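Colleague:
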Amino acid sequence: MKLIEDMKIVKNCEIAKNIYEMTLTGDNVKLMNQPGQFVNIKITEMSQLILRRPISICEIDQEKKQIKLIYRIKGQGTEILAKKLPGEVINIFGPLGNGYPEYSIKNHETALLVGGGIGVAPLYELAKRLSRRKIKVKSVLGFATMTDVFYEKEFSFYGEVHVATIDGSYNFNGNVLDLIKSKNLQFDVIYGCGPQAMLKAINDEYINLKKGYLSLEERMACGIGACYACVCDKANKSTETVRICKEGPVFKLGEVEI
Amino acid sequence: MKLIEDMKIVKNCEIAKNIYEMTLTGDNVKLMNQPGQFVNIKITEMSQLILRRPISICEIDQEKKQIKLIYRIKGQGTEILAKKLPGEVINIFGPLGNGYPEYSIKNHETALLVGGGIGVAPLYELAKRLSRRKIKVKSVLGFATMTDVFYEKEFSFYGEVHVATIDGSYNFNGNVLDLIKSKNLQFDVIYGCGPQAMLKAINDEYINLKKGYLSLEERMACGIGACYACVCDKANKSTETVRICKEGPVFKLGEVEI
Amino acid sequence: MNIKVELPGLSLKNPIIPASGCFGFGREFAELFDIEKLGSIMIKATTLNSRKGNPTPRVAETNGGMLNAIGLQNPGVDYIISTELPWLSQFNLPIIANVAGSSVEEYVEVAKHLSTVDNVKAIELNISCPNVKEGGIAFGTDCKVAAHLTEAVKRVSCVPVYVKLSPNVTDIVQIAKAVEEAGADGLTMINTLIGMKIDLATGKKVLANGTGGLSGPAIKPISIRMIHDVYKQVSIPIIGMGGIQNTNDVLEYLYAGAQAVGIGTANFVDPYICPNIIEELPYVLEQHGFKDIKDAIGYTHRVKLD
Amino acid sequence: MNIKVELPGLSLKNPIIPASGCFGFGREFAELFDIEKLGSIMIKATTLNSRKGNPTPRVAETNGGMLNAIGLQNPGVDYIISTELPWLSQFNLPIIANVAGSSVEEYVEVAKHLSTVDNVKAIELNISCPNVKEGGIAFGTDCKVAAHLTEAVKRVSCVPVYVKLSPNVTDIVQIAKAVEEAGADGLTMINTLIGMKIDLATGKKVLANGTGGLSGPAIKPISIRMIHDVYKQVSIPIIGMGGIQNTNDVLEYLYAGAQAVGIGTANFVDPYICPNIIEELPYVLEQHGFKDIKDAIGYTHRVKLD
Ligand SMILES: Cc1cc2nc3c(=O)[nH]c(=O)nc-3n(C[C@H](O)[C@H](O)[C@H](O)COP(=O)(O)OP(=O)(O)OC[C@H]3O[C@@H](n4cnc5c(N)ncnc54)[C@H](O)[C@@H]3O)c2cc1C
Ligand SMILES: Cc1cc2nc3c(=O)[nH]c(=O)nc-3n(C[C@H](O)[C@H](O)[C@H](O)COP(=O)(O)OP(=O)(O)OC[C@H]3O[C@@H](n4cnc5c(N)ncnc54)[C@H](O)[C@@H]3O)c2cc1C
Ligand SMILES: Cc1cc2nc3c(=O)[nH]c(=O)nc-3n(C[C@H](O)[C@H](O)[C@H](O)COP(=O)(O)O)c2cc1C
Ligand SMILES: Cc1cc2nc3c(=O)[nH]c(=O)nc-3n(C[C@H](O)[C@H](O)[C@H](O)COP(=O)(O)O)c2cc1C
Ligand code: FES
Ligand code: FES
C-alpha cells in the first residue's frame, strides 16, 4: 500500500479568522492511528509551489474513513488550499513522523494539553483518545486575539478548557504559561504544540519537574528523514541532531534544544 | 480600454478528434472586427506554462459579445485549455495582428479559401463576411484523415465546400492543392492558412498568377512585435524581416519567404 | 511615499524599467498604456550596422522561464538615432541605451553616437548576450576584457555607463569589481543564463540557434544572490533584474541591494505589468513599514539577525 | 526494451539513480518501495569526520525549484562504512558513494576507504557543493584544482571515479576536459546553482546559511545545455541530473548525452517518482521509436537537421 493518496475533500471551511478546517476521506486513513502525526500535502500542480506542505492531523475517524486538518492561511500554499472545494482531491503523503505516545500517561494521571495558535490542532485527537481512556484532560488554548480562537467547545467535550489571549480580548489575558500559573493548574504530563517561544518556555519551566511532550516545526522538504532539512540539536549534545520529520515532530520534554 | 480581459467561457467542446471549439464572451469582443486576427491566451497561472498561447479568432458575434476559437490539443497548454469548463474565465490578450483584408476582393470576384488542419479556423469569419457581401466563396478544407474533419457543414452555409484527406479516408484523396487542380477550381483571390508546407506550395503555385493572402505561424513570446521572436524574411530581401505577430499573421502572396 | 530614485545620469520617477530586448523601442507598448509612466526604458540592443539576428524558432518555454535566442536583431545605430530615439523623445522619459558589438571598436562607436542623443541618459553595455557567435558574452566573462571595454567606452561616452553583467561566470563579484575600477558608473544584472531545450518528438533542439538565454522567475534566486554579493563589494549602484513578476519581487530586489529594477519576460506574460507594479509599489513599501524607497534599498544588508 | 546501461564500474539494470543528498542512505525510501528496483543509489555526501551541517532553516522554495543549504551533514566515513553500507548490502544494488571534503587529503582519505567497500561500485567526487564555507565548490571552479584532486583520488580509489561538476562556472567544458585528462572515469552533472531568497516580512535571508543550492525543474535547461556541450567534447560517460520530474525529462537528458540520470528534488515532490519512472521508461522509449536505450543516448547529436 502506498503512503500517498489522492484524498477527497469532504468539507473545507473557515472556523476562525484565516483558520480553516478541512475534512478529507480516503483509504489511507486506516494507516493513521496516532495523535500528533502529520501529512505532507501537494497542494497544487503549479510549479511555483513545488514543495509539499506539512500539516498536522487534527482528528481521525476510522469509521467514516475521514481525517480533519486545521490550517492557517500563511502564504500562497495555504491560500490555495483554502479555496479548494468539497469533491476535489488533493495528494496526501502520510501519516508521517511520530506523534504523542498515547500510553505515556497512566490511567489515573492528569494530562495538560497546551496549544498555541494553530498548534491547538494536533492536540485534539490526543484529547479524544486520552479521555476515551478516562484520563483527566485539561486543555489550555492560547491565541493572539479573540478572532483567532477556535475549538474551545470541541476540547470541552473532553475536559476543562482554558483560553488565553495575548491581548486579553477573550477570557484570560496573557500567554498560556501565565494562565497555567495564575490558575495554578495541576497535572502530571504536559503535551504542547505551538510557536517555538511557547515550546521553549514550557520546556524551560517543566524540564525537571514534569513528564511532557512537545511537537516541533521546521521547514521541510522530504518529510521522511531523507534530506536532513529539518534537524534540530539534541539537548546537551551539540554534535547530535534529530530530524523533526522522522524522529519527531513530537519529542520528550528536555530531549531536544529548542 | 485594456486589450486584455478575463473572458468567460460559454462553451468548450470537442468537435473532431482532439479538436476543440471554445466560445468566449467579454467586452473586448467589440474590439475584434477583422477575420484572421489572433488572441494570446494565458492558459493557466502555473509557472511551468509561462508564455501565452496564440490562437486565431475563428468567429466573431458582436451581438452576443462572443468569439469562437478552434484549437487542437498539441501540448500541455492546449490540453489544459480543453479541460476548462463553461463559467470559468481565461485571460485573453487581443485582438492582435493584422488579419485578412476584407476589401481585398471585389464584389463580383470569387474567393478561394484554403485551410489545412487547424488552419481552417481563421478562414471561417472570413467566409462569413465575404458571403455577406455576396462574394462567391469556395472553400477547400484539407485534413490528414477523416476523424480530423471539422466545419465542413459550417463552411457550406457560405458557398461550395471541398474536403480533401491525405489518406483518402474522406472525400478527395490528396492534399488541398491536388484537389484544387484536379477539380479545376476557378477563383480570383486565394486565402490560405495551414501548415507551412501547404502555404509554401500555394505561394509557389500562385505567386505570379493570383492575388492572395496567407496566414503564417511562428513561436511567439510577446505577440505584439516587441520581442522579435516571430520574424520571417521578406521575399527577395534577405536583410529585411517582418514580425508575424505584428505585421502579420496574414501576408500577401509573395510578400514573405515561406 | 517617495519612489523616486536618483542614479548616475538618471532621475527616475520610479524604479521600474522595462529590460532591454523585452520592450523593443517602446512603440508597441505605447499602444497599450502611457509609457511616460515608466521610470525609464532600456531599449533593444543596438549594434553598428543592422543585424538580422538568428533563425527561428527563437523562443522556447521552460519550467518557470523561457529561452530566447533573438541574436541582437536591430536596425543599427543610425536608424535608431534617426528614427527610434526621436520618436521616444516625445515622452518625458530618460532612455537607457543598450549597446552591443562584436569588437571593442564597435561598442565604442555605437556608444559614442548614442550617448550624444538628447534623451539617452545612460549607456547599458551589453557584455553578456549569450546569443551571438562572436562578441556578446565573450566580453562579460573575463575581468580584463570587461574592464578594457568599459574603459574604452567610458572614454567616449557623454553619459554614464552601466555595465550589464553575465551570470554565466564563476565569480561575478570579480567582474563587477573590475568594471567598477575601469570606471563603470553602475551595473545592471543579470542577463540570461545559457540554456537549451530539446524537442522530444524530433530529438532536435527547439531553438534554431541551439542554445538560448534563460530568463523568467526560474532565475530569480540566482540573480538575487549575485546582486546581494556584488552589493557588498562594490559601491556603484545596481539595477537588478531576472524573473520579476510582481511588486513583491521588486521589493526582494530592493532588499538585496538593487536601486532600480528591469522587467523583462514578465512583459510578455502581462503587457500591463510595468504600470501595474508602478501603481502598487508605494502601497507595498508602506505595508512593509517604509517611508521612502531609499530605506528599502539594501535592507537585507542592514537588518539585524537575531 | 533494453534499459540496462553499462558504465565504468556500474552495471545498471536501469539508468535511474536517486541523486546524492536527496535519498539519504536509502533507509527512508526503503520503507516506501523496493529500492532494489533502482539502477543505483548516490548516497549522501561523506566526509572524514561526522559533520553537523548548517543551522536551520536549510531549505526554501523558489519558482520551479528549491534552495538547500544542508551543509554536508553526515555521520562520517567510519559510521557509513560500518553501518550504512552494510545495511545497503542486503540489496542487489551497486552504490555510488558521494565524497566530500575540505582538503585534498580529506577527499583522498574518504575515497580510499569507501572504495574498498564491496557494494561501492563507484566514487562520485563532490567538488561542487555550494553550501560549505571551505572546500566543496572551491574544488570545482578551477581546472587545475579539479584536475589535481581527481588525480589524487584516482591514485587511491579501487573503483571508477566520477566527478560531479558545478554549474557555477564560466566554462564547464574546460573543467570537464581537465578532470577527464586527470583520469576521471565519468562525470555527473550538474550540482546546484548558488541562489538566495529573502523573506519579505523580515528582510532576512530565508536560509540561515544565506545562500543555498538551487535545484529542481527551474535549472533543467541549464543542465541540458551543459551536458550537451560537455558530451561533444569529452569521451567519458555522463550521468545527468537537474530538475528531472518525469520520464520525458529523462528522455531529454538521454538525448542531450547522459547515459544515466540522477533524480534529486523530485523525490521530495513524489517519493515514488523513481520506481514510477523506471516502470514508464521502456514505454516512453518505445513510443519514440527506440529499440534499445543506447539508441536514445546522445540522439540529439546524431539527428539530422533539415
Ligand atoms: C510537522 C509540521 C506540522 C504542521 N502542522 C500545521 C498545522 O496543523 N496547521 C497549520 O496551519 N500549519 C502547520 N504547519 C505549518 C505549515 O506547514 C506552514 O504554515 C505551511 O507550510 C505554509 O505554507 P504556505 O505556502 O502557506 O506559506 P509560505 O510561507 O508561502 O511557504 C513557503 C515555504 O515555507 C514553508 N513554511 C512556511 N512556514 C512554515 C512553518 N511554520 N513550518 C514549516 N514550514 C514552513 C512551506 O512549507 C513552504 O515550503 C506545520 C508544520 C510542520 C513542520
Ligand atoms: C498566430 C497564430 C495563430 C494560431 N492559431 C491557432 C488556432 O487557431 N488553433 C490552434 O490549435 N493553434 C493555433 N496556433 C498554434 C498554437 O499557438 C499552438 O498549437 C499552441 O501554442 C501549442 O501550445 P501547447 O502548450 O499545447 O503546446 P506545447 O508544444 O507544449 O507548447 C510549448 C510552446 O511552444 C509554442 N508552440 C507550440 N507549437 C506552436 C505553433 N505551432 N505555433 C506557435 N507556437 C507554438 C507554444 O505557444 C508554447 O510556447 C496558432 C499559432 C500562431 C502563431
Ligand atoms: C526576448 C528577450 C530578448 C532580450 N534581449 C536583450 C538585449 O537585446 N540586450 C540585453 O542586454 N538583454 C536582453 N535580454 C535580457 C533581459 O534584458 C533581462 O536581462 C533578462 O531577460 C532577465 O530578466 P527577466 O527574467 O525579467 O526577463 C533579453 C531577454 C529576452 C527574454
Ligand atoms: C536537499 C539536497 C541535498 C543535496 N545534497 C547533496 C550532496 O550531499 N552531495 C551532492 O553531490 N549533491 C547534493 N545535492 C545536489 C543533488 O544531488 C543534485 O545534483 C541537484 O539537486 C540537481 O538535481 P535535482 O534538480 O533533481 O534536485 C543535494 C540536493 C538537494 C536538493
Ligand atoms: S524534511 Fe527531509 S529530513 Fe526532515
Ligand atoms: S512574438 Fe514578440 S515580436 Fe512577435
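Chains as they are written, first to last, in the working numbering: chain S, 1 to 258; chain L, 1001 to 1258; chain C, 2001 to 2306; chain H, 3001 to 3306.
Beta carbons: idealized from backbone N, C-alpha and C, even for Gly.
No experiment lies behind these values; they were computed from the predicted model shown.
1. Indicate whether at least one CB of chain C lies closer than 7 Å to the CB of L/A1221.
2. With distances taken between CB atoms, is the gap from L/V1137 to L/A1111 smaller than 7 Å?
3. Cutting at 6 Å between CB atoms, please list the residues of its own chain near L/I1019, excluding the five before and the five after it.
4. If you measure from the CB of L/P1054, is any heavy atom of ligand 2 nearer than 6 Å?
5. Measuring CA to CA, which of C/T2211, C/L2032 and C/A2097 is closest to C/T2047?
6. If you run the structure through DSSP and keep just helix, strand and coil, what is S/Y158?
7. Please determine whether the Cβ atom of L/A1121 lies at a distance below 6 Å from any heavy atom of ligand 2.
8. Give me the Cβ distance between C/C2143 and C/A2178, rounded to the nearest whole Å; I'm assuming they're in contact under 8 Å.
9. Checking contacts by CB at 7 Å: is H/P3217 closer than that to chain C?
10. Can L/R1243 be considered in contact with ligand 7, in the sense that its beta carbon sits closer than 6 Å to one or more heavy atoms?
11. Quick one: using the 10 Å Cβ neighbour count with 16 as the cut-off for buried, is L/K1153 buried or exposed?
12. For H/G3065, return the contacting residues in chain S, with the cut-off set at a CB-CB distance below 9 Å.
13. Quick one: what does DSSP say S/G77 is sitting in, helix, strand or coil?
14. Could one say the Cβ of S/E257 lies closer than 7 Å to chain H's Cβ atoms, at least one of them?
15. What does the Cβ neighbour count give for C/D2292, buried or exposed, with the cut at 16 atoms within 10 Å?
16. Please state the DSSP three-state secondary structure of H/V3312.
17. Do H/Y3299 and H/Y3255 have their C-beta atoms closer together than 7 Å?
18. Of all the residues that make up the stretch 2152-2183 of chain C, which are near chain H by a beta-carbon distance shorter than 7 Å?
19. Could you check the C-alpha separation between S/Q37 and S/S104 for me, to the nearest Å?
20. Between which residues of its own chain and S/K65 is the CB-CB distance below 6 Å, once the five residues before and five after are set aside?
21. Output yes if chain H places a C-beta closer than 7 Å to the C-beta of C/E2252; else output no.
22. If you reduce the DSSP assignment to three classes, tell me which class S/D61 lands in.
23. What does S/K42 touch in chain H if you count any residue whose Cβ is under 9 Å from its own?
24. In this structure, how does DSSP classify L/Y1151 when only helix, strand and coil are distinguished?
25. Please work out which residues of its chain come closer than 7 Å, Cβ to Cβ, to L/N1203, disregarding the five sequence neighbours upstream and downstream, and give them in chain order.
26. What is the DSSP secondary structure of H/A3309, reduced to helix, strand or coil?
27. Just to confirm before moving on: does the CB-CB distance between H/G3053 and H/G3024 stay below 7 Å?
28. By a C-beta neighbour count over all protein chains shown, 10 Å radius and 16 as the cutoff for buried, is L/K1002 buried or exposed?
29. Taking just the CA atoms, how far does S/E125 sit from S/Y170?
30. List the residues of chain L that C/T2056 touches, going by C-beta distances under 8 Å, in chain order.
31. Could you tell me if the beta carbon of S/K252 falls within a distance shorter than 6 Å of some heavy atom in ligand 4?
32. To which residues does DSSP link C/R2051 through a beta bridge?
33. Can you find a CB in chain L that lies within less than 7 Å of the CB of C/E2028?
34. Please find out if some non-hydrogen atom of ligand 3 comes closer than 6 Å to the beta-carbon of C/N2126.
35. Between which residues of its own chain and L/M1022 is the CB-CB distance below 6 Å, once the five residues before and five after are set aside?
36. What are the residues in the stretch 80-105 of chain S lying within 8 Å of chain H by C-beta distance?
Modeller: The relevant details are as follows:
1. yes
2. yes
3. R1072 and F1150
4. yes
5. C/A2097
6. coil
7. yes
8. 4 Å
9. yes
10. Only ligand 1, ligand 2, ligand 3, ligand 4, ligand 5 and ligand 6 can be found as ligands here, which leaves ligand 7 out of the picture.
11. exposed
12. S47 and I50
13. helix
14. no
15. exposed
16. With chain H covering only 3001 through 3306, there is no way to say anything about residue 3312 of chain H.
17. yes
18. N2168, V2169 and T2170
19. 16 Å
20. T25 and V29
21. yes
22. strand
23. V3269 and D3270
24. coil
25. L1214, L1253, G1254 and I1258
26. This structure leaves residue 3309 of chain H out entirely; chain H is present only between 3001 and 3306.
27. no
28. exposed
29. 24 Å
30. E1218, R1219, A1229, C1230, V1231 and C1232
31. no
32. C/N2074
33. yes
34. yes
35. N1012 and L1069
36. F93
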